[in-house]
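-11 is the number of the first residue of the sequence shown in this note's numbering; add one for each residue after it. Note that beta-carbon positions come from the ideal geometry of N, C-alpha and C, so glycine has one too. Here the structure is a predicted model, which is why all the values come from computation and not from measurement. Data block below; observations after.
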Amino acid sequence: MRQLSNGMAAIVHSLPVSSAVAVDVWIETGGRHEPPALLGVSHFLEHMVFKGSDRVGPGVLDKAIEHRGGMTNAATSQDYTHFYFTVAADDLTDTLPYLAEVVTRASIPADEFERERQVVIEEILRSEDNPDRRAYTLMLKSAYQNHPYRRPVLGTIDSLNTLTPEMMRAYHRSWYQPEHMTVVVVGQIDADETFDLLEEHFGDLTSSQQEVERPIFQPEPPLQTVCRVERSQPRLEQTRLILAWPGTDSANWEIACGLECLASVLGDGRSSRLVQLLREERGLVRGIGSTSAVHLDPGLFTVSAYLDADDVKAVEAAILTEIDRLHRECISPEDLHRVRRILTNEFVFAAESPMQLAHLYGFYQLNGGVDLARDYLARVRSISAEELRDLAREYLSLDRYFCTVLKPEAHSTAVGVDSTSTST
């Protein structure tokens, strides 16, 4: 990694075996960085960047990439926004200027702003109709009482309707600055020539020195019991069950890696414990999995299942029984070997193409530095069964967790959070 003359981080990886090049520009702002009055602005701004600058009109970036057989896209999360494209190696010099122009100098024209506002509102409405998204949103609102992670990255219809082009331009001026940006280039390139190209097109961006407004929030209160939320949704065929435990953040990298190993033990692949027990042997779920989210601030360890409403209690009890087993017993050498192999292979398979590798570099850079990628593999390959047992005892409580249930309308019985209920 190097820094451009203006301080922007630049990561260049030459991949001679590939005939393509991927460019990925990361900005360290997302939903968690938005003040309440600007809820949803990061994602809305992602849309507006493609509307161009004073020198590049709406849709010109897309045409410049797609007419050369490439692809371009963008994404916004709680912690970051990024814009990326893939083209043939010979087309990098001709296409990079378009991306640099629209990302760093987005003009956010008022007429396009109003049209795109309706597009984003439609996206919100579709999201609200999606049962998986609705269950996940209910879980976040239960698990986070104060933190911005409880808010939807898309914003709300009300919050979008209060945004103005000037508010978005000010947000862009605050965050789309060298000190908050990383550009990654991976593919069939000459490293020195590529750094020169990045300097030419990104190096003239100077910081506006505008103070960044960040949301102020109180720390999350310690979880004292089992918190349950149950809701219903019309026309829902399968119940969604999510159990969640407070996890850790990317600053505690060794713990984060260990929690991901535990998630793999429980619900990563057909041979994992919960899949074997609840889907293959007992047939109580149609699908089940476990994840440990890593964010800049503490994420959540979750177990999610698709099932019949009548089986919710039995499945919740079975999940807790398996977690209790993790408390009491060290996993077998065979299980430990399986987890190490699965996570190592998933990591390797997620870095096969230039774009996948660019995504990986950008993600790790924003979460503490690209060296974390190497540290992740080392941690996964060295973690012991005893360490996993201790992490399960510390983070996966049997009587302090969040339980979210989204049921078909006819099966709903509860209406909100019950802070006094306990596990069965």
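Any contact of the stretch 252 to 272 with the stretch 226 to 235, i.e. 3+ C-beta pairs under 8 Å?
-> no
Excluding five sequence neighbours on each side, which residues of the same chain lie with their C-beta closer than 7 Å to the C-beta of Y86?
-> V44, V48, L49 and A52
Below 8 Å, can you find three or more Cβ-Cβ pairs linking the stretch 215 to 222 to the stretch 376 to 395?
-> A contact is defined here as three or more CB-CB pairs under 8 Å, and the stretch 215 to 222 meets this definition with respect to the stretch 376 to 395.
Cutoff 7 Å; reference I425; Cβ partners in own chain excluding five residues on either side | As displayed, the chain neither begins before -11 nor continues past 412, which places residue 425 out of reach and without an answer.
Can you have a look at A305 and say buried or exposed, based on whether 16 or more other CB atoms are within 10 angstroms of its CB?
-> exposed
Any non-hydrogen atom of the ligand ZN closer than 6 Å to C249 Cβ | Only the bare structure without any ligand can be found here, which leaves the ligand ZN out of the picture.
Name, in chain order, the residues that DSSP records as bridge partners for C215.
-> F390
N-terminal and C-terminal residue of the beta strand (DSSP E) that M169 is part of = That run of the beta strand (DSSP E) goes M169 to G175.
Considering only the beta carbon of each residue, do S41 and G191 sit closer than 7 Å?
-> The answer is no: Cβ separation not under 7 Å.
With DSSP run on the structure shown, which of helix, strand or coil describes N149?
-> If DSSP states are grouped into helix, strand and coil, N149 belongs with the helices.
Taking the alpha-carbon positions, what's the L384 to I311 distance?
-> Cα to Cα, L384 sits roughly 7 Å from I311.
Pair within 7 Å by beta-carbon distance, Y349 and V214 = Y349 is not a Cβ neighbour of V214, given a cutoff of 7 Å.
Kindly indicate the opening and closing residues of the beta strand (DSSP E) around R228.
-> T227 to P234
Can you tell which of T17, T60, L376 and A251 has its C-alpha closest to the C-alpha of F289?
-> Closest by alpha carbon: A251.
Considering only residues of the same chain and omitting the five flanking positions on each side of T182, which have a CB-CB separation below 7 Å?
-> V0 and V173
R440 - DSSP class collapsed to helix/strand/coil | Since the first and last residues shown for the chain are -11 and 412, residue 440 lies out of range.
What residue range is occupied by the uninterrupted alpha helix (DSSP H) comprising Y294?
-> Taken as a continuous stretch (DSSP letters only), Y294 belongs to no alpha helix (DSSP H), being part of the beta strand (DSSP E) at L288 to L295.
For the beta strand (DSSP E) that R274 lies in, which residues bound it at each end?
-> V273 to S280
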